[in-house]
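Residue numbers for the sequence shown follow the numbering used here, beginning at 841 and rising by one.
The next block holds one structure in the form of structure tokens; read it before the comments.
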Amino acid sequence: MKHKSQYRARSNIPIDNETYLDNGLILTRFKKSIPSSSYLLVLIVADFDCLSHYDTGIYRNIIMSVCAQPDIKDDLHYALDIATKNIHDFEEQYQINYPLTTCDHIVVSNFNMGR
841 MKHKSQYRAR SNIPIDNETY LDNGLILTRF KKSIPSSSYL LVLIVADFDC
891 LSHYDTGIYR NIIMSVCAQP DIKDDLHYAL DIATKNIHDF EEQYQINYPL
941 TTCDHIVVSN FNMGR
């Protein structure tokens, strides 16, 4: 996806590469997704800051991130801690490996689900 250079593109699929274009835009390409329902695909372009934990899950192979507006980044530590524990518990309880290499949580202020 193309976006302005002051923003970052994120998805629930890892970035494959970023190309800086002459017009101040960045072309971000993501790796190929596993087969899944289209409503599970996430694409976001924002000026969010993220906190990440790089060895999550039973096999320590998942990158867990929580992202939000820069002014509330310090409030994300608790969310990252809980998300990291949840993915490990998910894998243990259901005895399956989480199928992706990343799991991002995005804070969207004032989000009225479907209203």
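Think of the CB as a built atom: it goes at the ideal place given N, C-alpha and C, for glycine as much as any other residue.
In this text, all values refer to a predicted model and were calculated from it rather than measured experimentally.
Chain-order list of residues whose beta-carbon lies under 7 Å from that of histidine 917 (same chain, five-residue window excluded): Sequence index remark: in the sequence shown, residue 917 carries index 77 (1-based). Closer than 7 Å at the Cβ level, and outside the excluded window around histidine 917, lie Leu891.
Taking 7 Å as the line, does the beta carbon of aspartate 915 fall inside it for any heavy atom of the ligand FMN? Looking for the ligand FMN in the displayed structure turns up nothing, as the structure carries no ligands at all.
Buried versus exposed, by CB contacts within 10 Å (16 or more), phenylalanine 888: Along the sequence shown, read from residue 1 onward, the residue named residue 888 stands at position 48. Result: buried.
Just the Cα atoms here: how many angstroms apart are leucine 881 and arginine 869? Within the sequence shown, residue 881 is the residue found at index 41, counting from 1. Within the sequence shown, residue 869 is the residue found at index 29, counting from 1. Their backbone Cα atoms lie some 14 Å apart in a straight line.
Nearest-angstrom Cα distance between threonine 942 and asparagine 863? Start at 1 with the first residue of the sequence shown, and residue 942 comes out as number 102. Start at 1 with the first residue of the sequence shown, and residue 863 comes out as number 23. Threonine 942 and asparagine 863: Cα-Cα distance of roughly 30 Å.
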